[in-house]
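Everything below concerns the one structure shown next.
In the working numbering, the protein residues as written are 4 to 340.
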């Protein structure tokens with residue numbers, strides 16, 4: 004039977020029992036306690052160990068099980084969110100890392116846990132909500148009977164955000180977590196690199212100016228330089244490379260950021276369109292199949308002379324959309340529209 008983490012109750016089941024074992028057995032010292040706990044996995048199917056090789060090549064931490072993992076020795080340091088797949092705001096998880104011999108940076112804690120404790124952002128938010136309910140003032144209860152003010156996380160507080168090579172840690176999570184190292188420092192661990200089919204040794208697999216990690220978070224294609232096909236590569240559209248669509252940029256996920264029916268860059272229209280000067284169907288022209296149209300004709304991410312602004316439906320600000328001006332230009336027989 005697997006022991007799970009419920010969203011209402013948080014960390015439950017056997018995870019509470021293991022906490023009691025740690026508190027009662029801290030006098031054994033970190034090394035003997037580590038060996039004692041890892042030995043227990045041999046007697047029950049609810050335990051799993053991920054070796055340095057497992058973590059280095061990328062693996063998945065199963066939910067509702069007690070898992071030990073070893074951070075590969077070749078790692079200098081790695082951020083908690085990168086190591087655990089950037090799921091901290093969505094997933095409830097908690098754990099701790101055993102201190103190494105004479106490790107002054109990861110000493111046993113006063114609450115009885117060996118080493119330092121880490122809690123996901125979601126778990127910390129859950130604990131904070133519970134503490135706020137427990138600490139709520141009851142207007143009809145005597146002051147002497149009011150609840151004592153508690154810390155947001157209780158006696159177990161988040162302490163660890165940076166993991167070092169060689170660490171052995173325990174974790175329990177309510178949903179599977181991708182765990183791995185980040186050899187190219189692009190913000191994706193080795194498991195996520197495998198899932199997204201990116202190169203774990205190259206930070207920007209498609210060489211569009213945006214790292215693989217930023218593209219995954221933003222929702223652009225890590226294997227295609229121009230995700231939306233508007234002629235502008237993703238790194239030009241997200242000019243500050245922060246993984247967000249800011250107001251002074253075009254959206255690399257949208258071929259027409261300002262909604263004026265013209266490509267942000269300069270692209271082909273693969274359908275025939277008939278344009279007329281009046282409703283009578285006279286003085287008409289056909290926009291041929293494969294017609295090039297767009298706003299940033301030289302693909303440099305700037306509004307140059309003779310171009311319209313792909314961030315504004317009406318570049319001139321007079322209320323007439325850029326596409327209307329473009330088609331009027333064609334109707335007037337001009338070539339450079």
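Glycine residues also receive a C-beta, built at the ideal position from the N, C-alpha and C atoms.
- For residue 305, the closest alpha carbon among the candidates 252, 62, 270, 323 is that of 252.
- Within the region 145 to 226, the complete alpha helix (DSSP H) segments of 4 residues or longer fall at 193 to 198, 215 to 221, listed in chain order.
- The C-alpha of residue 220 lies about 17 angstroms from the C-alpha of residue 182.
- Judged by DSSP in its simplified three-state form, residue 82 adopts strand.
- When only Cα atoms are considered, residue 232 and residue 102 end up about 51 angstroms apart.
- Residue 249 is classed as exposed because its beta carbon has fewer than 16 other beta carbons within 10 Å across all chains shown.
- Annotation for residue 296: the continuous beta strand (DSSP E) segment containing it runs 294 to 297.
- With three or more CB-CB distances shorter than 8 angstroms, the region 260 to 274 counts as touching the region 300 to 320.
- Less than 8 angstroms separates the beta-carbon of residue 49 from that of residue 69.
- The Cβ atoms of residue 83 and residue 121 sit closer than 8 angstroms to each other.
- In the DSSP annotation of this structure, residue 53 is not part of any alpha helix (DSSP H); the continuous beta strand (DSSP E) holding it starts and ends at 50 to 53.
- Residues 193, 203, 204 of the same chain have their beta carbon placed closer than 8 angstroms to that of residue 186, with the five preceding and five following residues left out of the count.
- In this model, residue 177 and residue 133 are separated by some 18 angstroms (Cα to Cα).
- Note on geometry: alpha-carbon atoms of residue 325 and residue 266 lie some 11 angstroms from one another.
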